[in-house]
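*Asks:* Top to bottom, those sequences are chains A and B.
Numbering follows the working numbering, in which position 110 of the first sequence is assigned residue number 110; successive positions increment by one, without gaps.
Numbering follows the working numbering, in which position 143 of the second sequence is assigned residue number 351; successive positions increment by one, without gaps.
There are 2 protein chains.
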Amino acid sequence: MTKKADTKFKRAAERGSHDFPLACKILDTGKICHVGFSVDEQPYVVPMAYARFENQLLIHGSVASRLVKNLSSGLQCCVTVTHYDGLVYARSTFHSSMNYRSVMVFGVARTIEDTEEKRVGVQALVDHLMPGRREELRQSSSQELNATSLLTLPIETFSIKCRTGPPEDLKSDLDHPVWAGVVPLSVCPGEPVDAPDLLPGISRPDYL
Amino acid sequence: MTKKADTKFKRAAERGSHDFPLACKILDTGKICHVGFSVDEQPYVVPMAYARFENQLLIHGSVASRLVKNLSSGLQCCVTVTHYDGLVYARSTFHSSMNYRSVMVFGVARTIEDTEEKRVGVQALVDHLMPGRREELRQSSSQELNATSLLTLPIETFSIKCRTGPPEDLKSDLDHPVWAGVVPLSVCPGEPVDAPDLLPGISRPDYL
């Protein structure tokens, strides 16, 4: 039976939310999540690629991996997605901060066993991680599909936390004569690097 | 007593390492970690700012936060730092991948109680998160220092995992006529945004 995680906000509750559309928006903007689970009271936090598909989080990994073995055995997990949006320069150390958006999803993941459900899930993953790419790829063989586990976690018990906007200094600090503001941060793609074994005459696709 | 986390590499061992200087290099490049801990068998994975200071990870948070309360009670934790370096476009779904560097640090954190040690730790945090900023800031009051907990976790039991380089396709896929390569990704700063209450005549500092 799934236990309920404690998703009450202990502090800074004005930064918290349990709004499903907002959770989806944050999840759809990321490609990397951090998956937490505990074995013998030792937590592990593992970075993984993911996609949201309807009201599910999809995570795939090698059948042989520690994460897949443990999660598919029915362990409670927590999957967190964080966007690091900016450094907040206040006038004091104490009020200096970061802007971010994060979602924590709690629950028990299920391994997708049904071949058709798995194929659809893998497609959703590729569509999220590399939009436009799927039609071009060589389809997965049965052997490849069998070597990969696809886990699904319902987005039911979750918790959002965000900070946005300018620094919030004490009134008494406002005349401290230093710059204050926000340096926005985002993940930027660089110039694509061709594979060394790229076939001659193949140009970069538009979706890059 | 600290139990030992299982840091053996279950698979893709060629991507794994336990090299301390490499761990430091990866840790020094990031500003956000994901802290995992379990309460009543429910894992929580919380994004936090951090700094490496010598052979310690420093994490600070409100005295009232769930994370600080639990970690300072001597719970095992796992702190993971991940850099998401690129999308790897292979010719097959199965070999499509991501480039990344990650470090997982395992252990029990200690709350820094000594005022001088705490002041030095907070300085190390500010120097890492906002280099060049510390001298300009209004110093923390005792009240502010007391409202903040500073946790320290030794970088002793840790595990590095990285993927770099081009796609690794099956030989039989190399003539599949699609583009293959890597799209590098990095965190980019945008144009700084002045605080609405910025004093007139203050220009942006060089360290931005």
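Every residue, glycine too, gets a C-beta built ideally from N, C-alpha and C.
(1) Would you list, in chain order, the members of the segment 312 to 328 of chain B that have their beta-carbon closer than 7 Å to a beta-carbon of chain A?
(2) Got a sec? Which residues, its chain only, sit under 7 Å from residue 339 of chain B by beta carbon, not counting five neighbours each side?
(3) Can you name the residues of chain B whose CB is closer than 7 Å to the CB of residue 205 of chain A?
(4) So, does the CB of residue 32 of chain A fall closer than 8 Å to a CB anywhere in chain B?
(5) Examine the Cβ distances between the segment 82 to 90 of chain A and the segment 16 to 24 of chain A and report whether three or more of them are shorter than 8 Å.
(6) Can you tell me the Cα-Cα spacing of residue 5 of chain A and residue 386 of chain B, whole angstroms?
(7) Fully enclosed by the segment 78 to 158 of chain A, which alpha helix (DSSP H) runs are 4 residues long or longer?
(8) For residue 362 of chain B and chain A, any beta-carbon pair shorter than 8 Å?
(9) With distances taken Cα to Cα, identify the nearest neighbour of residue 75 of chain A among A:152, A:167, A:189, A:204.
(10) May I ask you to report which of helix, strand or coil DSSP gives residue 231 of chain B?
(11) DSSP three-state call for residue 279 of chain B: helix, strand or coil?
(12) Applying the 10 Å Cβ sphere with the 16-neighbour rule, what's the burial state of residue 307 of chain B?
(13) Using CA atoms only, rank isn't needed, just tell me which of A:158, A:147, A:167 is closest to residue 65 of chain A.
(14) Where residue 111 of chain A and residue 240 of chain B are concerned, what is the direct C-alpha to C-alpha distance, given to the nearest angstrom?
(15) When the distance is taken between beta carbons, is residue 278 of chain B closer than 8 Å to residue 253 of chain B?
(16) Please list the terminal residues of the continuous beta strand (DSSP E) segment that includes residue 60 of chain A.
(17) Under 7 Å between beta-carbons, which chain B residues line up against residue 102 of chain A? List them in chain order, please.
(18) Give every residue of the same chain whose Cβ lies closer than 8 Å to the Cβ of residue 344 of chain B, excluding the five residues on either side of it in the sequence, and list them in chain order.
(19) With DSSP as the reference, identify every bridge partner of residue 52 of chain A, one or two as the case may be.
(20) Identify the contact partners of residue 258 of chain B in chain A, using a Cβ-Cβ distance below 7 Å as the criterion.
*Replies:* Judging by the given coordinates:
(1) 312, 314
(2) 415
(3) 387
(4) yes
(5) no
(6) 45 Å
(7) 115 to 129, 142 to 147
(8) no
(9) A:152
(10) helix
(11) helix
(12) buried
(13) A:147
(14) 30 Å
(15) no
(16) 56 to 62
(17) 255
(18) 413
(19) A:57
(20) Chain A residues near residue 258 of chain B: none, gap ~11 Å exceeds 7 Å.
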